[in-house]
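The block underneath contains the structure these notes are about, expressed in structure tokens.
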Amino acid sequence: MLIYNTLTKKKEEFKPINPPNVTMYVCGPTIYDYFHIGNGRTFVMSDIIRRYLEYKKYDVKFVMNLTDVDDKIIKKANEENVSTSEVTARYEAAFMKDIKRFKMKPADVYPKATEHMKEIEEVIEKLEEKGIAYNVDGNVFYDIGKFDGYGKLSGKNIDDLEVGARVEINMEKQNPLDFSVWKKSKEGEPNWESKWGNGRPGWHIECSAMSMKHLGETIDIHAGGNDLIFPHHENEIAQSEAATGKEFARYWMHFGFLNIDKQKMSKSLGNFFTARDILDKYPAEALRLLFVQSHYRSPLNFSKELIESAQKGTEKLNNLGRVLNDGIKKVGGIPIEFDFNKFKSLFSATMDDDFNTSQAAAVIFDFVREVNKTIAENENLNSEFYRKAKDFMRSTAETVLGIIHFNDLEEKDTSKDDGWIIEQIELRSKAKEEKNWQLADEIRNGLAEKGIILEDSKSGTTYKKK
Ligand SMILES: [Zn+2]
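One point on numbering: in this note's numbering, the residue at position 405 of the sequence shown is 405, and numbering is uninterrupted.
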């Protein structure tokens, strides 16, 4: 199995430290507002990666942090004249609700900075003992000049960065690029006691401390949005590796940006959507399919047309899902040879190649077409065929990609379902185009037996129910 590692800038064979265990940390939201659809993509794709590792029989421990100390939270609390904990409690609840609507599997732990002050302080202390962090009157900074590997993740060069950073004058810092690990408390801000006086942690330190606490000093996979590569992840590496002398994470995975109608999403352009705005309008499966249809590292374009087309795609899956739900209840019927293993291997092969979900989705849709065709060609299949087809869809489309949920499909008489009839008609038109008259006739007769009469005309085929 290959994973593209941002650190080495190439696809590498995935070799977890302690198989079958896999440790995975994903940088989660700052809980001061509803998360936007671009964050939604990051969360859903990290969910799919975790689920695929589980499909491969790895035992994954999945941690996603919630940032609950931050300037943006303080600003919001001040604007609303409430406490920061009131703000974070509200948006933590909203976050949990939204990821549930996305049908994400819950993380094993959602650690929060405010609950890890002791661990955060311990990492800073280690850095201070090693002479890498320095305290200036209650503000503690990380001296990036003391860490040889600084810039190795982002590929940034310290000299180039310094030129840009000189504009920002901070008399306390020895080097303008040094960053805060502990901030001295200011009037009206939440603060915690520490050996450097009252204050609060810088943003980056929480992920170092919480990843080490919950997953160990070296973990398998650390992931997040592209925008976190620098400075957040670069600083996490600097802090953690300087403190422990060990590698922090083996594989660094980053998710591409989401654009709206090919434009960068921003509040000022009026094209900013929260995940809940979109989930109010479209089913989670359609959104997940839209995400799945782009490679996780590529930019993803989001538009009304594309989400509607994804929704049509999920309707195809659901139509077959209902047919399979019914078919497994059949008694009697004839067995048939069908190469389920071919589709299983294709699915794994695409996912093993750095989680090529768009190809994996193509395999699923090929499977759906093939199964629909088999059902149309063979009037009286036994339940075993339906059961095997459902097993394949469950283990791949449902359990890994989350683009269909069998239990959510309402019980319906599929023979009266218009979506299903239209698919049969499309299948028949295709058969006629291919001059497969036998198949075309079989479809027509199959429908006639169910009381559905086709009428062909120059403008196409319509149908009547008897
Ligand atoms: Zn982080």
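Backbone N, C-alpha and C fix where the C-beta goes; we use that ideal spot for every residue, glycine too.
Please specify which runs of the beta strand (DSSP E), each continuous and at least 3 residues long, are wholly inside the stretch 233-300, giving them in chain order. 249-255, 258-260
Segment contact, 8 Å Cβ cut-off, at least three pairs: the stretch 224-233 with the stretch 134-148: Touching, no.
DSSP has T462 in a bridge; who is on the other side? Paired residues: E455.
Counting along the chain, where does the beta strand (DSSP E) carrying S180 start and finish? 179-184
Could you tell me whether the stretch 211-219 touches the stretch 98-118, where touching means 3 or more Cβ pairs closer than 8 Å? In this structure the stretch 211-219 lies against the stretch 98-118, because at least three pairs of beta carbons, one per stretch, are closer than 8 Å.
Taking the beta carbon of I17 as the centre, do at least 16 other beta carbons fall within 10 Å, making it buried, or is it exposed? exposed
Taking C-beta to C-beta, are D504 and N5 nearer than 8 Å? The first residue shown for the chain is 1 and the last is 466, placing residue 504 beyond what the model contains.
Any residue whose CB is nearer than 5 Å to a heavy atom belonging to ligand 1, listed in chain order: C27, C207
At the level of alpha carbons, what is the spacing between V26 and P176? 29 Å
Simplified DSSP state of N139, which is helix, strand or coil: strand
Tell me whether K378 sits in a helix, a strand or coil according to DSSP, three-state version. Checking the displayed sequence, the identity of residue 378 turns out to be Asn instead of Lys. The answer is coil: DSSP assigns N378 none of H, G, I, E or B.
What does the Cβ neighbour count give for Q174, buried or exposed, with the cut at 16 atoms within 10 Å? It is exposed - the Cβ of Q174 has fewer than 16 other Cβ atoms within 10 Å.
How long is the line joining the alpha carbons of A286 and L317, rounded to whole angstroms? 11 Å
For a minimum of 4 consecutive residues, which ranges assigned as the alpha helix (DSSP H) are wholly contained in the stretch 189-238? 203-215
In this structure, does DSSP put V400 in helix, strand or coil? Of the three classes helix, strand and coil, the one that applies to V400 here is helix, per DSSP.
Measuring straight from C-alpha to C-alpha, what distance separates A284 and K458? Going from the Cα of A284 to the Cα of K458 covers about 39 Å.
DSSP state of E434 mapped onto helix, strand, coil: coil
Which two residues bound the contiguous alpha helix (DSSP H) that contains F95? 84-101
Please determine, among G402, T42, V82, E128, the residue with the shortest C-alpha to C-alpha distance to L258. When only C-alpha atoms are compared, the closest one is T42.
Measuring straight from C-alpha to C-alpha, what distance separates I3 and L439? 43 Å
Let's see if you can read the secondary structure: which residues bound the beta strand (DSSP E) around L2? 2-5
Please report how far the alpha carbon of E13 lies from the alpha carbon of M1, in whole angstroms. 6 Å
Do you know how far the Cα of H116 is from the Cα of N325? 47 Å
Go through its chain and collect everything with a Cβ distance to Y282's Cβ below 7 Å, but skip five positions before and after it. Excluding sequence neighbours, Y282 sits near I307, Q311.
Could you give the distance in angstroms between the alpha-carbon of K464 and the alpha-carbon of K450? Distance between the alpha carbons of K464 and K450: 11 Å.
In three-state terms, what does DSSP make of K15? coil
Segment contact flag, the stretch 293-307 with the stretch 246-258, C-beta cutoff 8 Å, min 3 pairs: yes
Helix, strand or coil for L153, going by three-state DSSP, please let me know. coil
Does the beta-carbon of E193 have 16 or more other beta-carbons within 10 angstroms, so that it is buried, or is it exposed? exposed
Per the DSSP calculation, A133 is bridged to which residue(s)? Y142
When the Cα atoms are used, what is the spatial distance from D178 to S345? 49 Å
Pull the bridge partners of Y25 from the DSSP assignment, please. Secondary-structure assignment with DSSP links Y25 through a beta bridge to V63, H222.
With DSSP collapsed to three states, give me the class of D353. strand
Within its chain, find whatever has a CB closer than 8 Å to the CB of L153; leave out the 5 residues flanking it on each side and keep chain order. T6, L7, I229, F230, H233, E234, I237, W252
For M393, verify whether its CB is less than 7 Å away from any heavy atom of ligand 2. As presented, the structure is devoid of ligand 2, carrying ligand 1 as its sole ligands.
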